[in-house]
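Residue numbers (the numbering used here): 64 to 416.
Where is the CB? At the ideal position from N, CA and C, for every residue including glycine.
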Amino acid sequence: MTLKLSVLDRSRTRQGHDPGEALRETVRFARRAEELGYHRFWVSEHHSVPGVAGSAPTVLAAAVAAATSRIRVGTGGVMLPNHRTLVVAEQFGVLESLFPGRIDMGLGRSVGFTDGIRRALGTDKEAMADFGDQLAELAAYFTDGPRRHPGVHARPAEGLRVPAFVLAGDSGADLAASAGAALVIGGLQGEDRTLSAIDRYRAAFRPSAWRRHPYVVLAGNVAVAGTTEAARRLLIPEAWSLAHSRTHGVFPPLAPAEEIETLLAGASERERGFYEAGLRGHVFGTEDEVAAALDTLIARSGADELLITTSSYDREALLDSYGRLAGLAGLKGSPLGVKGVRSPEHAAGGFAR
């Protein structure tokens, strides 16, 4: 069976380009991902972050679903502590009703980036502790099960089946298992902590109205190019943006790799340390190198799906990377019109399980 490949796009803004363009690029990217044969296309939720335009994931998911026809569309994810579960159920009920059989409900427990954002959202850090209860309450709105507010119905969600995915670190894997939801977890290097969390999830999984069996999605950055260095350069803008956020408290728009390489000459030791850390933990290289790395990862983790989260300033090189990766996986339509992508039978390693 060929492994499923999917995309999470965070609508990253680019230096010199306005946020509206980032959102429009997300919709165009979704169309391209569908052409290449990717399985899902998800969008994210961030608030008051200068480098991210995606603040309303269900709204953006509607635009993506309307612009595509086959690819599954969802959120990676809606952060439940920021919302009332009734409203979340209603929003996904509307999406599923408009685009039946194509909507995914990715859910997370993160809260705002700063105290000010959390206050504006009407939440706090402690709200993350209620995530398990929120998942149960949300499930009840879809199934008409026992709930905190008897007689309240989430229409048109009630009776619909919208797959639920829990975005989690190693500690959140237990919540995904208890809720009977699919697990989305970062860790493309196959770290022991990630693999242990996956094992715990599978062992503790409880069948639910959402899913009868455990399902694991590994998420992270993958960059593929004609040379190892070209692939690595795709990751530079995101790594620098992360380093800047850690040292200046602001997550800036993505800048060109060549500009960042100039800035590094005058960077502080602390800034450079965060930057170098931001380049670790990803999979990048030529087709052969990436195929070998992912083949090993899939064998170790038994993952059902990979969710690719790569962003970069160079949109053309980024789309070429996604095209090359689709070619490695043998996705339907991937070799057509994609410069440099070989046919599946020539891809070393591959993704077959």
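Could you work out which residue in Leu184, Val280, Leu360, Ala294 is closest to Ala244 when comparing CA atoms only? When each option's Cα is compared against that of Ala244, the closest is Val280.
Beta-carbon separation (whole angstroms), Leu86 vs Ala116, contact threshold 8 Å: Confirmed, about 5 Å.
What residues match up with Ala362 in a beta bridge as DSSP calls it? Beta bridge pairing from DSSP links Ala362 with no other residue.
Inter-residue Cα distance where the pair is Arg77 and Leu317: Going by the C-alpha atoms only, they are around 5 Å apart.
Hey, out of Phe104, Gly171, Glu189, Val112, whose CA is closest to Tyr385's CA? Of the listed residues, the one whose Cα sits closest to Tyr385 is Phe104.
Does the distance from the C-beta atom of Ile166 to that of Ser111 stay below 8 Å? In this structure, Ser111 does not lie closer than 8 Å to Ile166 by Cβ.
Which of helix, strand or coil DSSP assigns to Trp105: When secondary structure is reduced to three states using DSSP, Trp105 falls in the strand class.
Tell me which residue opens and which closes the alpha helix (DSSP H) that Ile180 is part of. For Ile180, the enclosing alpha helix (DSSP H) begins and ends at 178-184.
Please report the straight-line C-alpha distance between Ala128 and Val229, rounded to a whole angstrom. Ala128 and Val229 have their alpha carbons spaced roughly 21 Å apart.
If you run the structure through DSSP and keep just helix, strand and coil, what is Ala221? Per the sequence presented here, residue 221 reads as Glu, with Ala not at that position. Here Glu221 carries a coil assignment [DSSP, helix/strand/coil].
Spatial neighbours of His109 within its chain, please: CB distance less than 8 Å, with the 5 preceding and 5 following residues excluded, ordered by chain position. Only Arg73, Val115, Gly117, Ser118, Phe176 meet the Cβ criterion.
Using the DSSP secondary-structure output, state which residues sit across from Ile248 in a beta bridge. Leu281.
Please name the residue in Thr257, Val157, Gly140, Thr131 whose C-alpha comes closest to that of Phe232. The residue you asked about is not Phe; residue 232 is Gly in the sequence shown. Answer by Cα proximity: Thr257.
Specify the secondary structure class of Arg75 as computed by DSSP and reduced to three states. In the structure shown, the three-state DSSP call for Arg75 is strand.
Please determine if the region 144-164 and the region 190-197 are in contact, where contact requires at least 3 C-beta pairs separated by less than 8 Å. Flag = yes, the region 144-164 and the region 190-197 touch.
Asp237 (DSSP reduced to helix, strand or coil): Correct three-state label for Asp237: helix.
Can you look up Phe162 in the DSSP assignment and give me helix, strand or coil? When secondary structure is reduced to three states using DSSP, Phe162 falls in the coil class, being assigned neither helix nor strand.
If we call anything under 8 Å between Cβ atoms a contact, is Phe337 one with Thr310? Cβ distance < 8 Å, so Phe337 and Thr310 count as in contact.
Between the Cα of Ala242 and the Cα atoms of Gly250, Tyr264, Leu223, which residue gives the shortest distance? Ranking the options by Cα distance to Ala242, first place goes to Tyr264.
By alpha-carbon positions, which one of Thr290, Val70, Val122 ends up nearest to Leu99? The shortest C-alpha separation from Leu99 is found at Val70.
Can you list, in chain order, the residues of its chain with a C-beta nearer than 8 Å to that of Thr291? Leave out the 5 residues immediately preceding and following it. The residues are Phe347, Gly348, Thr349, Glu352.
Since Leu305 is in the alpha helix (DSSP H), which residue starts that stretch and which ends it? Under the DSSP assignment, Leu305 falls in the alpha helix (DSSP H) whose first and last residues are 291-311.
Would the C-beta of Ala203 count as close to the ligand FMN, meaning under 7 Å from any of its heavy atoms? Among the ligands in the structure shown, none appear at all, so the ligand FMN cannot be discussed.
Coil, strand or helix - Ser33 by DSSP: In the structure displayed, the chain extends from 64 to 416; residue 33 sits before or after that span and is not available.
Just to confirm before moving on: does the CB-CB distance between Lys369 and Leu170 stay below 8 Å? Note that residue 369 is Leu in the sequence shown, not Lys. Between Leu369 and Leu170, the C-beta spacing is not below 8 Å.
With Val225 and Glu159 assumed to form a contact (beta carbons below 8 Å), what rounded beta-carbon distance in angstroms separates them? With a Cβ gap of about 5 Å, Val225 and Glu159 count as contacting.
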